[in-house]
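Here is the structure:
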């Protein structure tokens, strides 16, 4: 029991180091999106390495049962890592701990077994209190099995159980503490995404477009910029009503989205106008992309409230994005190309 009492002195430090480190780096690596199992590889590796370093740090406060068998708080950051960032991240963390703590040791063997057992349940896919209870039970059972030959007195038994409770308490605090931050970050980016999306067409709105344009401006990437306008859209609203007009907007957006590649960006600029950010600095490729959209819209059959078919066409203007100009100036250039398409008879693509 004396060792448990001594471990309480280290408990506060261990909780502070673990919680503060994990939370700080979680926020740091979530600067452009919530950190998780599907985050970029380098972010998962960095978080795993951090967890491995914290695990190695926690390995200095030991509850020894023999020369080679002991307990520590080392599993706490590794369990948190596998729950919130996934198996690859915790593998990176374990490998760092492996090299920092003597490599082929009995302790590292049992840590590997515990991590493998937890990963079997894929807690990053089903992160809830039930899965957490299973994970902590795996840690507890394996530790008790390993320590069973050394529990030769009631004093050692109670000390061992006490240390396990302290460890589980610390793990519980870190799990729920980071869980709160995880939910906050996800809610923040969900709200940010909703604020940058057009409610009707489910494309980016003007705010979302500005963010992408500023990113292009910052990275000096080679992009094409296209303006798309639905021909005679006011006539559609006047003839068939605004409900049909809204349906036309949605279907044109869907058709355009299907014709674009994953790196292209579609945004509703206002009214019946859309902006397309094309991931190619080649004018020919940009025009070809716009022509795919124009022909696809032209071949789409739209229907009014009575089921009667009618046709819709679009006009497009294309310009190469010039990094030395502001995004507003680039929009003006593309808009001038669109104006040429409309004055030359509509249902065409013009590049400048």
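Residue numbers (the UniProt record's numbering): 1 to 352.
All C-beta atoms in this analysis are idealised placements derived from N, C-alpha and C, irrespective of residue type, glycine included.
The structure displayed is predicted, hence computed values, not measured ones.
Approximately 6 Å separates the beta-carbon atoms of residue 175 and residue 80; this is inside 8 Å, confirming the contact. Residue 289 counts as buried, since no fewer than 16 other beta carbons sit within 10 angstroms of its beta carbon. It is roughly 52 Å from the alpha-carbon of residue 224 to the alpha-carbon of residue 134. Residue 148 counts as exposed, since fewer than 16 other C-beta atoms from the protein chains shown sit within 10 angstroms of its C-beta.
Under the three-state reduction of DSSP, residue 190 is assigned to helix. Shown here, residue 100 sits in a helix according to DSSP, grouped into three states. Between the beta-carbon of residue 318 and that of residue 336 there is about 11 Å, and that puts the pair past the 8 Å contact cut. By the criterion of a C-beta distance shorter than 6 Å, residue 256 is surrounded in its chain by 266 and 293, once the five residues flanking it on both sides are discounted. Counted as a single uninterrupted DSSP element, the beta strand (DSSP E) harbouring residue 269 occupies residues 265-270. Taking all protein chains shown into account, residue 139 has 16 or more neighbouring C-beta atoms within 10 Å of its C-beta and is therefore buried. Note: residue 349 is bridge-paired with 316 in the DSSP secondary-structure output. Bridge pairing for residue 105: absent [DSSP]. Counting C-beta atoms within 10 angstroms of its own C-beta, residue 132 has 16 or more neighbours from the protein chains shown and is therefore classed as buried. In its chain, beyond the 5 residues on either side, 48, 51, 78, 81, 82, 115 and 119 have a beta carbon closer than 8 Å to the beta carbon of residue 90.
Taking the Cα positions, residue 18 is about 41 Å away from residue 199. The C-beta separation of residue 314 from residue 230 comes to about 6 Å, placing the pair in contact by the 8 Å criterion.
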